[in-house]
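In the numbering used here, the protein residues as written are 25 to 332.
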């Protein structure tokens, strides 16, 4: 009769539980989910709504309301007699009246929005926390850019819608023609408006990441858009040939030239910042180049510097 030997060692005769293999690499979230998160952050900020509301409102006031008041009083506006002034506010001038503020005050507001989107991440310390969750830096930048583009596209559409309503009301009140631009011209206007808005927004995003704050990028952006470019175009360029040549490379000048080209050859250009200084095709390519340049420089800054 054989005896069975027992042991107190728990490791004998039992298999050791398998340990999970160590994970390697970084967890990467879905780009779509990150874009939705950036959109949520943007839309929950009161400053976003203020900026996005100010641009269409100011656009409507300066392109339609003030000129119409001048027309009703029989006064000239920007050198235009009342009959020409009325014609410039009708629905067939929808593209010009919807975009005429983008080269100047609209651009300043959208630049501010881009700077807030990027710079506030450093002030709150959320960028460092986000990168610690796994997403790569360029993925974060792509999500910010795409979210900004979505918001800017909606803002451009709102500007067109409000201007169409106002110009339609003026046409009805004055018993004037209410012919809208052709579909092709409207699409070109929407695309050109988004290109201008995206360029200003990308510049704000670059300044926010470069300076890692919000106040200084916004201040520098406003000074550049509202002061420096105006001084170069209106003061230095008429006096010095070098500045006359250099102004063709400025983002604001190209934005104004693109709006002038989209408005058509017979449009009455009565908004500051809108002037056909360069050809419309050249302006579009220059703005596209600026958009790519701003994006590349922002990506280099974000990937090559420590996030603190």
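Using N, Cα and C, we set each Cβ at its ideal position, and we do this for glycine too.
Check	Outcome
Sequence-distant residues of its chain with Cβ nearer than 6 Å to residue 59 (five each side left out)	167, 170 and 171
Residue-chain proximity (residue 198, chain C), Cβ-Cβ < 7 Å	The chain inventory of the structure shown lacks chain C, comprising one protein chain alone.
Simplified DSSP state of residue 154, which is helix, strand or coil	helix
CB contact flag (residue 180, residue 217, <7 Å)	yes
Cβ neighbour criterion (16 or more within 10 Å) applied to residue 278	buried
Reduced DSSP secondary structure (H/G/I, E/B, other) of residue 204	coil
Contact check, residue 131 vs residue 79, beta carbons under 7 Å	no
Closest by C-alpha distance to residue 22, when choosing among 102, 146, 327 and 184	The requested residue 22 does not occur in the structure, where the chain is confined to residues 25 to 332.
Completely contained alpha helix (DSSP H) runs for the region 132-198, where each covers 4 or more residues	150-156 and 161-197
Residue 104, DSSP secondary structure in three states	strand
Pairwise C-alpha distance: residue 287 and residue 92	19 Å
Backbone CA spacing between residue 266 and residue 273 [nearest angstrom]	12 Å
For residue 263, the three-state DSSP class (helix, strand or coil)	helix
Cβ contact (3+ pairs, closer than 8 Å) linking the region 289-301 and the region 101-119	yes
Spatial neighbours of residue 236 in its chain, beta-carbon cut-off 6 Å, leaving aside the 5 residues before and after	146
Given 8 Å, three or more beta-carbon pairs between the region 313-328 and the region 221-229	yes
Inter-stretch contact (C-beta, 8 Å, three-pair minimum) for the region 65-78 and the region 139-155	yes
Nearest candidate by alpha-carbon position, reference residue 309, set 281, 98 and 247	281
Residue 157, buried or exposed, once every other Cβ within 10 Å from all chains shown has been counted against 16	exposed
Integer-rounded CB distance, given that residue 297 should sit under 8 Å from residue 128	4 Å
Under 7 Å between C-beta atoms of residue 233 and residue 150	no
For residue 328, the nearest candidate out of 134, 160 and 136 (CA to CA)	160
Residue 271, buried or exposed, once every other Cβ within 10 Å from all chains shown has been counted against 16	buried
Selection from 251, 195, 56 and 238 that minimises the alpha carbon distance to residue 144	238
Boundaries (first-last residue) of the alpha helix (DSSP H) holding residue 247	239-247
Residue 201 versus residue 326 - alpha carbon distance	52 Å
Residue of 57, 188 and 250 minimising C-alpha distance to residue 164	57
Cutoff 6 Å; reference residue 123; Cβ partners in own chain excluding five residues on either side	217 and 283
Backbone CA spacing between residue 314 and residue 203 [nearest angstrom]	35 Å
Of the listed residues 178, 148 and 188, nearest to residue 84 (C-alpha basis)	188
Range covered by the alpha helix (DSSP H) that runs through residue 295	From DSSP, residue 295 is part of no alpha helix (DSSP H); its letter is neither H nor E.
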